[in-house]
Amino acid sequence: MPEATFVVQLDDLHGFVVKHRHPAKLTLNERILNLLFYEQQKATREEVSYAEIEGLKFITYSSPAYPGMMVCSILGPDETVADVRNEVSGSGRLILALMADDPEAVDLAEILKSGKTLSGLTDEQRFAEIFLTPSSALLLERMQTEGVEKSAKLSIWLKSQTQSDEVDIREAMDPLMKSGVVRVEMVGKTAETVFLVKDLFGFREPPVESVAKAIEMMPSMAQKYRSFVAEFFSPPPPNKGYNPTIPVYDPNSPILEDREHISKLLSDRLHFMVLDCLREQPLTAAQISEKTALPEAAVMKVLWSLESEKVAVRFEEEDVWALLTNPRIQAFMPEYLLPIVAKKLSEKEISPEAARRHIQLLIENWGEQSD
């Protein structure tokens with residue numbers, strides 16, 4: 225465990241501000257902060273960096289998601305970066321997520337003592353980021369129609385859709401590539417080609433596991449819980465409720481519009497931590513705080529937000545929170561692309577090599593080879 229940890233924030237008026245430190249007696253000078261911060265801010269992605277300054281060994285964590293902030297630790301004489309990299313990145317994610325929510329509520333000593341960390345993005349969260357980037361969502365819709373397309377042609381199409389020559393096709397493609405929804409490969413000597421290998425469905429499902437646990441562990445509230453969920457998904461006529469099993473083709477459908485709300489909830493780290501806790505069973509705010517290492521005040525703030533989005537519901541008599549709906553973004557095999565690829569091949573829009581490669585990629589992702 226590092227000997228000391230501190231959180232630095234760059235303030236427009238006051239320059240570097242050490243927002244939190246542990247131990248409290250730790251002192252730092254402006255030169256060290258400058259060297260650490262400006263080197264770290266060159267990073268364009270989440271990164272852990274190492275530096276030796278004035279005889280001390282520093283390891284720092286930063287992320288483009290939290291500009292102007294950095295978590296830094298001082299290693300002991302016998303510690304190496306390999307010893308603490310995972311710990312520093314995990315605690316760094318948690319600390320910066322809390323800093324973004326409420327800097328004054330961060331209890332650095334408690335976080336370090338508990339050893340709680342925040343893992344990297346899950347597949348669900350990577351999928352969610354696609355729908356939060358307008359140009360990426362546009363590209364996904366285009367690929368759902370085309371299946372396979374040359375990068376140059378996609379770039380021209382995207383610029384026409386956005387009415388801007390400044391849009392960067394690689395930047396727009398990045399969330400799709402990171403999540404594994406598309407593959408970009410060279411087919412032939414010069415044709416960079418984009419293949420859609422996964423499609424996505426964002427929806428709310430009934431919290432089946434949580435309801436079952438409530439029936440087992442909290443029979444006094446189980447019937448009330450079941451009635452709340454039933455009222456949302458299957459209300460009495462003439463209300464139609466929320467039924468994701470019915471095919472939706474209208475782009476203005478409430479279920480499709482709801483996908484943006486779902487994406488925002490899943491992509492937010494604190495919301496996802498609390499939501500994921502409640503997927504298994506109903507819990508008190510104190511229990512969620514214990515499981516996540518989030519301050520109870522931060523947990524309550526998230527729960528109120530989830531309640532306003534019809535995701536969580538509170539049972540006041542039991543002082544328990546539970547999921548009303550369970551937001552999901554799931555990947556599925558785009559089988560509908562097979563006739564599209566066949567048609568493009570027959571009309572010579574794509575080469576036989578591109579068609580074969582697309583089928584290979586689908587098999588790699590969804591066939592027996594991926595088991």
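The sequence shown begins at 225 in this note's numbering and counts up one residue at a time. We treat Cβ as the ideally placed atom computed from N, Cα and C, and that holds for glycine.
Note to self: For residue 246 and residue 461, what's the separation of their Cα atoms in angstroms?
What the structure shows: As a working mapping, residue 246 is identified with position 22 in the sequence shown. As a working mapping, residue 461 is identified with position 237 in the sequence shown. Near 59 Å, if we compare the C-alpha coordinates of residue 461 and residue 246.
Note to self: Cutting at 6 Å between CB atoms, please list the residues of its own chain near residue 584, excluding the five before and the five after it.
What the structure shows: For this step, residue 584 is matched to residue 360 along the sequence shown. Same-chain partners within the cutoff: there are none.
Notebook entry, point to check: Where in the region 291 to 366 do unbroken runs of the beta strand (DSSP E), each at least 3 residues long, occur, reported from the N-terminal end onward?
Noted result: 293 to 298
Next item on the list: Below 8 Å on the Cβ atoms is my guess for residue 329 versus residue 519; work out the distance and round it to an integer in Å.
Entry: Position 105 of the sequence shown holds residue 329. Position 295 of the sequence shown holds residue 519. About 5 Å; that satisfies the 8 Å criterion.
Next item on the list: Please report how far the alpha carbon of residue 594 lies from the alpha carbon of residue 297, in whole angstroms.
Entry: Here the question's residue 594 lines up with position 370 in the sequence shown. Here the question's residue 297 lines up with position 73 in the sequence shown. Any reading at residue 594 needs caution, since the residue's pLDDT is 43, under 50, leaving its predicted position unreliable; the model's value is listed next. Cα to Cα, residue 594 sits roughly 40 Å from residue 297.
Notebook entry, point to check: From residue 503 to residue 433, what does the alpha carbon distance come to, in whole angstroms?
Noted result: By 1-based counting over the sequence shown, the position of residue 503 is 279. By 1-based counting over the sequence shown, the position of residue 433 is 209. Cα to Cα, residue 503 sits roughly 7 Å from residue 433.
Checklist line | Cβ neighbours of residue 539 in the same chain (closer than 6 Å, five flanking residues each side left out) | finding: Here residue 539 is taken as the residue at index 315 of the sequence shown, counted from 1. Closer than 6 Å at Cβ, skipping near neighbours: 445.
Checklist line | DSSP state of residue 241 mapped onto helix, strand, coil | finding: For the purposes of this step, residue 241 is identified with residue 17 of the sequence shown, where counting begins at 1. Strand.
Next item on the list: Using 10 angstroms around the beta-carbon of residue 344, count the other beta-carbons present and answer buried if the total reaches 16, otherwise exposed.
Entry: Taking the sequence shown and counting its residues from 1, one reaches residue 344 at position 120. Burial call: exposed.
Check: Tell me the DSSP bridge mates of residue 590?
Finding: Translated into positions along the sequence shown, residue 590 becomes position 366. According to DSSP, which records beta bridges pairwise, residue 590 is partnered with nothing at all.
Check: Taking 7 Å as the cut-off, is the CB of residue 455 close to at least one heavy atom of the ligand GDP?
Finding: Among the ligands in the structure shown, none appear at all, so the ligand GDP cannot be discussed.
Check: Under a three-way DSSP split, which group does residue 550 fall into?
Finding: As a position in the sequence shown, residue 550 is number 326, starting the count at 1. Of the three classes helix, strand and coil, the one that applies to residue 550 here is strand, per DSSP.
Next item on the list: Report the rounded CA-to-CA distance for residue 577 versus residue 411, giving the unit in angstroms.
Entry: One-based indexing of the sequence shown puts residue 577 at position 353. One-based indexing of the sequence shown puts residue 411 at position 187. Straight-line Cα distance between these residues: approximately 7 Å.
Notebook entry, point to check: Is it right to say residue 465 is buried, meaning 16 or more other beta carbons lie within 10 angstroms of its own, or is it exposed?
Noted result: Residue 465 sits at position 241 when you count from the first residue of the sequence shown. Exposed.
Check: Tell me which same chain residues have a C-beta within less than 6 Å of the C-beta of residue 334, skipping the five on either side of it?
Finding: The residue labelled residue 334 in the question sits at position 110 within the sequence shown. Nothing meets the Cβ criterion.
Next item on the list: With residue 410 as the anchor, note down where its beta strand (DSSP E) starts and where it stops.
Entry: As a position in the sequence shown, residue 410 is number 186, starting the count at 1. Residue 410 -> beta strand (DSSP E) spans 406 to 411.
Note to self: Quick check: the Cα distance between residue 301 and residue 498, rounded to an integer number of angstroms?
What the structure shows: On the sequence shown, residue 301 is found 77 positions in, with the first residue counted as 1. On the sequence shown, residue 498 is found 274 positions in, with the first residue counted as 1. Going from the Cα of residue 301 to the Cα of residue 498 covers about 37 Å.
Next item on the list: Please name the residue, chosen from 286, 349 and 352, that lies closest to residue 320 on a Cα-to-Cα basis.
Entry: By one-based count along the sequence shown, residue 320 stands at place 96. Residue 320 has its Cα closest to that of 286, out of 286, 349 and 352.
Check: Is the beta carbon of residue 507 sitting closer than 8 Å to the one on residue 553?
Finding: The residue given as residue 507 occupies position 283 in the sequence shown. The residue given as residue 553 occupies position 329 in the sequence shown. Result no, Cβ atoms of residue 507 and residue 553 do not sit closer than 8 Å.
Next item on the list: For residue 574, name the three-state secondary structure that DSSP assigns.
Entry: On the sequence shown, position 350 is the one that residue 574 refers to. Reduced to three states, the DSSP call for residue 574 is coil.
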